[in-house]
Amino acid sequence: MKRGKKPQWQKDIAKERIKILLSLARKQLDDHPERSKRYVGLARKISMRYNIRLEKSIKKSICKKCDSLLLSGKTSLNRFDFKKKTLNIICKNCGNIIRIPYKVKKDDGKRKH
4 MKRGKKPQWQ KDIAKERIKI LLSLARKQLD DHPERSKRYV GLARKISMRY NIRLEKSIKK
64 SICKKCDSLL LSGKTSLNRF DFKKKTLNII CKNCGNIIRI PYKVKKDDGK RKH
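Residue numbering for the sequence shown is 4 to 116, as defined by the numbering used here.
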């Protein structure tokens, strides 16, 4: 059997399924958090199986340890670490910490009027 790339039509269907699963996960988060975790886990498995990269915004909103959807205030805490210049996103379900580096933009002193 041939190994290699999946056909484009399969990838398109997989992308649609991922979008649907993530939207369902957001809707089910308040009422059924376990169902929401299941939807997020399925979306991640589909993206791995069909070799589809998730967008950065989606990657940052998913806990890799427990597959829960991270929404600020509900399922996660957002903290800035000014010494290490990172944004720390802490999952309330499992305690996993996601560190995202950031840079401070320097002002060159010139002001535009």
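Even for Gly, the Cβ is constructed at its ideal location relative to N, Cα and C.
Handout entry: Nonlocal neighbours in the same chain, by C-beta distance under 8 Å from residue 69, ignoring five residues either side
Key = Excluding sequence neighbours, residue 69 sits near 40, 94, 96, 97, 99.
Exercise for the section: Please state whether DSSP places residue 15 in a helix, a strand or coil. Expected result: In the three-state reduction of the DSSP assignment, residue 15 falls in the helix class, which pools H, G and I.
Handout entry: Between the CA atoms of residue 11 and residue 28 - distance to the nearest angstrom
Key = Distance between the alpha carbons of residue 28 and residue 11 is about 26 Å.
Problem - Residue from 58, 32, 60 with nearest C-alpha to residue 71 - result: When the alpha-carbon of residue 71 is set against those of 58, 32, 60, the nearest one is in 32.
Practice task
Let me know if residue 105 comes out buried or exposed under the rule of 16 or more other beta-carbons within 10 Å of its beta-carbon.
Solution key: The residue in question, residue 105, is exposed, as its Cβ has fewer than 16 Cβ neighbours within 10 Å.
Practice task
For the stretch 50 to 62 and the stretch 73 to 80, state whether three or more C-beta atom pairs, one from each stretch, are separated by less than 8 Å.
Solution key: Segment contact: the stretch 50 to 62 against the stretch 73 to 80, fewer than three CB-CB distances shorter than 8 Å; contact not assigned.
Practice task
Could you name the residues of the same chain whose beta carbon sits closer than 8 Å to that of residue 43, not counting the 5 residues immediately before and after it, in chain order?
Solution key: Correct list, in chain order: 24, 25, 28, 65, 70, 71, 72.
Handout entry: Environment of residue 47 [buried if 16+ CB atoms lie within 10 Å]
Key = Under this definition residue 47 is a buried residue.
Handout entry: Beta-carbon proximity list for residue 101, same chain, < 6 Å, skipping 5 on both sides
Key = Shown here for residue 101: same chain residues with a beta carbon closer than 6 Å to its own, the five before and five after excluded, namely 92 in chain order.
Problem - Of the residues 7, 30, 6, 22, the one placed nearest residue 58, counting alpha carbons only - result: Of 7, 30, 6, 22, the residue nearest in Cα terms is 22.
Practice task
Alpha carbon to alpha carbon, how far is residue 86 from residue 107? Give it in angstroms, no decimals.
Solution key: About 12 Å.
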